[in-house]
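Heads up, the thing below is written out as structure tokens.
In full-length UniProt numbering, the protein residues as written are 1 to 753.
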């Protein structure tokens with residue numbers, strides 16, 4: 001064998017050895033894929049929670065087909081229905097009566113029949129009106145009954161119906177026709193022929209019952225960014241109350257502080273030189289105010305939360321279980337997220353926890369802004385909860401759930417991945433102590449929380465709705481506001497109503513007030529309301545009687561009437577307020593849950609306002625009333641377009657009935673005043689713009705229930721803290737030495753618009 005051959009073979013052998021070493025080293029550096037373990041099963045779910053489940057698309061379609069065949073009137077698909085047509089406006093779950101549900105869940109009674117609530121607009125009849133039908137039983141409907149008079153005390157007038165997408169399209173077509181009558185003005189003011197301008201609705205629509213007259217604000221429309229920051233100074237008032245679209249008319253025009261009878265009048269004033277025009281250029285590209293496109297290339301990824309052994313919660317149908325918690329969840333297309341039958345350790349704490357309404361009330365020196373009081377339930381808080389972006393809206397590895405709805409169409413729609421569920425490590429101890437005297441030890445527990453989240457995009461604003469469940473037995477409810485501010489054209493004394501945030505853009509002041517229903521059942525349905533707060537008493541010290549001590553003491557009070565339990569907004573209320581059971585804990589205190597509100601609400605609309613009664617829930621930061629089946633919600637989607645004669649008036653719920661040992665409901669208002677500023681561009685940030693409340697156990701248990709958590713950590717100075725058997729934290733280096741399996745990123749939220 002030649003020397004050359006030997007050298008070649010030796011080189012090949014060395015290369016092979018080097019390759020094997022590289023493979024071994026690479027294998028050593030590459031973490032294994034995390035192996036998911038099945039979550040602990042809770043002995044609660046047996047399908048009973050389906051009594052609260054949202055309708056399936058198949059059930060919605062069955063209801064539509066039934067109504068089309070059994071009402072005896074022509075029905076037009078709402079997506080193309082004119083005001084003079086009959087149409088199905090929406091179909092949603094008819095939640096059974098509480099007594100029926102509890103007989104089924106707790107008493108071994110029959111399952112309540114599954115029913116739907118269908119809202120119909122009857123425009124094609126002598127007395128146009130809104131009618132609500134209960135349709136059942138599902139999945140094969142065989143009956144329907146009109147519940148409108150039962151619910152509202154009479155027929156619902158047709159003018160109270162929410163504005164449909166088709167109605168907005170017809171209004172836009174009218175405005176475009178009217179804009180063509182002012183071509184020279186539009187060219188001068190906006191570099192436009194009108195087609196690159198977009199309209200934004202305001203609400204309510206007039207000043208008295210029966211009005212359907214809306215101010216629309218015009219903005220430059222720029223692809224890829226929020227038009228809400230580019231007002232052109234032009235606003236138009238449209239009367240669209242007639243059943244016949246051909247009779248609608250543009251009633252008035254506003255431009256830069258002046259009012260005109262029509263676009264023809266506006267054009268004539270401009271041509272004659274009597275109109276002062278602010279000449280705006282069409283915004284272009286990334287230079288437009290409010291662009292959210294990144295200004296820097298992507299950097300290294302930030303921290304990633306993952307579950308080394310898979311999710312520790314369990315999801316089946318519409319029920320989630322997690323470390324003693326059990327929650328049934330759903331989504332109302334109008335009012336948004338709703339939770340039922342919330343239990344901890346097998347005991348029901350809350351029967352219903354649901355969002356009721358979101359109010360945004362604006363100030364401005366432009367007509368559109370100054371008249372805006374959005375009641376977002378009438379637009380669709382649940383309907384406009386779109387697909388969530390994994391890794392940003394929720395953790396990448398969260399569980400994402402589809403939601404279905406049928407609104408303004410005969411065909412069910414699906415918002416894919418529009419609700420997420422995840423366990424959140426808040427990077428904060430739930431409790432801890434380091435002992436540095438007598439004996440040396442450390443004990444603690446991480447604050448891991450189950451989160452149910454959805455996000456609603458309501459025109460310009462995005463509301464993040466969170467429901468959180470803590471290991472201490474506490475429930476936390478929180479909402480954050482983000483998205484774009486709404487704006488007016490800056491003119492005159494505009495800064496009396498906000499801050500200038502662009503060359504011609506006024507960020508208009510507004511308040512966000514959010515209302516929730518909390519039907520607490522603390523150790524049973526029969527509860528009372530107790531307050532506790534501190535006072536000082538001045539006493540002589542008992543050991544010498546020569547000195548005075550200012551001693552704090554606890555003042556306890558049982559509230560007996562609803563009027564006592566209605567706490568006005570922004571007025572100090574007792575620091576401790578609890579739903580109490582007649583049953584004591586081990587220490588002879590009533591088993592209770594405390595309501596703790598975190599809010600920075602603005603001022604409520606004066607009660608002298610003609611529309612105040614439609615939002616009278618906003619008078620109170622907390623009101624506790626006796627639960628009644630005929631008072632299921634604090635407001636109505638019909639209140640937006642007729643706030644002067646509200647369909648539901650919450651203030652009427654409070655009529656001084658007794659609240660001692662009764663089934664009670666807490667109605668909670670949270671919110672904040674928002675004065676937009678430069679840092680709200682491009683978007684309002686969530687930091688500092690979050691409010692909510694807690695439901696906290698107060699003598700409900702005999703000790704903190706989290707002591708039973710398997711996540712607890714304890715070690716002393718005499719133990720080997722690096723031992724996995726002693727300290728669970730020492731196990732993490734092995735348990736977490738794996739790579740999470742991240743599915744490919746996907747987003748389909750644009751396909752269902």
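Where a beta carbon is used, it is the ideal one built from N, C-alpha and C, also for glycine. All of these numbers come straight from a predicted model, not from anything done at the bench.
Residue i beta carbon near the ligand ZN (any heavy atom closer than 8 Å)
i	result
residue 600	You won't find the ligand ZN in this model; it holds no ligand whatsoever.
Rounded straight-line distance, which links the Cα of residue j to that of residue i
i	j	result
residue 546	residue 596	40 Å
residue 206	residue 422	44 Å
residue 294	residue 192	28 Å
residue 328	residue 710	24 Å
residue 679	residue 604	26 Å
residue 28	residue 448	For residue 28, the predicted structure reports a pLDDT of 42, less than 50, and the residue's modelled location is therefore unreliable. A value from the coordinates is still provided. Looking at the two C-alpha atoms, the distance is approximately 31 Å.
residue 553	residue 687	37 Å
residue 26	residue 51	The predicted position of residue 26 is uncertain, since its pLDDT is 43 and thus under 50; no value can be drawn from it.
residue 80	residue 355	30 Å
residue 576	residue 628	25 Å
residue 19	residue 446	Note on residue 19: pLDDT 49, under 50, position unreliable in the model; no value is reported.
residue 98	residue 635	19 Å
residue 267	residue 212	26 Å
residue 44	residue 155	Since pLDDT at residue 44 reaches only 49, below the 50 mark, its modelled position is unreliable, and the value read off the structure follows with that caveat. C-alpha separation (whole angstroms): 42 Å.
residue 516	residue 357	7 Å
residue 115	residue 101	13 Å
residue 645	residue 161	13 Å
Reduced DSSP secondary structure (H/G/I, E/B, other) of residue i
i	result
residue 189	helix
residue 438	coil
residue 21	Because residue 21 carries a pLDDT of 45, less than 50, the predicted location of this residue cannot be relied on, and the following value inherits that uncertainty. Helix.
residue 152	helix
residue 27	With a pLDDT of 45 at residue 27, under the threshold of 50, the predicted position of this residue should be treated as unreliable, though the coordinate-derived value follows. Looking at residue 27 - three-state DSSP - the assignment turns out to be helix.
residue 530	strand
residue 55	coil
residue 44	Here residue 44 scores only 49 on pLDDT, less than 50, and its place in the model should not be relied on; the value that follows carries that caveat. Of the three classes helix, strand and coil, the one that applies to residue 44 here is coil, per DSSP.
residue 252	strand
residue 80	coil
residue 331	strand
Residue nearest to residue i in terms of C-alpha spacing, selected from the options
i	options	result
residue 459	376, 279, 565 and 495	376
residue 593	522, 57, 226 and 571	522
residue 691	478, 410, 501 and 581	478
residue 797	753, 751 and 735	With the chain covering 1 to 753 only, the question about residue 797 has no answer from this structure.
residue 540	357, 443 and 551	551
residue 148	166, 169 and 119	119
residue 455	387, 429 and 532	387
residue 250	442, 753, 154 and 181	181
residue 304	391, 509 and 64	391
residue 615	297, 159, 378 and 239	378
residue 658	527, 719, 549 and 583	527
residue 677	88, 509, 239 and 121	509
residue 741	257, 229 and 397	397
residue 150	134, 488, 335 and 621	134
residue 318	739, 630 and 49	49
residue 713	92, 538, 625 and 730	730
residue 573	650, 437 and 532	532
Range covered by the beta strand (DSSP E) that runs through residue i
i	result
residue 636	Where residue 636 is concerned, there is no enclosing beta strand (DSSP E), given that its DSSP letter is neither H nor E.
residue 468	461 to 470
residue 213	213 to 220
residue 86	86 to 94
residue 596	590 to 598
residue 129	129 to 136
residue 227	Residue 227 -> no beta strand (DSSP E), and no H or E assigned at all.
residue 754	Nothing about residue 754 can be reported from this structure: the residues present for the chain run from 1 to 753 only.
Proximity below 9 Å, CB of residue i to CB of residue j
i	j	result
residue 674	residue 569	no
residue 351	residue 520	yes
residue 69	residue 504	no
residue 401	residue 417	yes
residue 442	residue 432	yes
CB contact check: residue i to chain B, cutoff 9 Å
i	result
residue 428	Within the model displayed, chain B is absent; a lone protein chain is all it includes.
Range of the contiguous alpha helix (DSSP H) that encloses residue i
i	result
residue 407	No alpha helix (DSSP H) holds residue 407; the beta strand (DSSP E) holding it covers 399 to 407.
residue 355	Premise fails: residue 355 lies in the beta strand (DSSP E), 347 to 362, not in any alpha helix (DSSP H).
residue 175	165 to 179
residue 734	732 to 735
residue 110	Where residue 110 is concerned, there is no enclosing alpha helix (DSSP H), given that its DSSP letter is neither H nor E.
residue 267	263 to 271
residue 367	367 to 370
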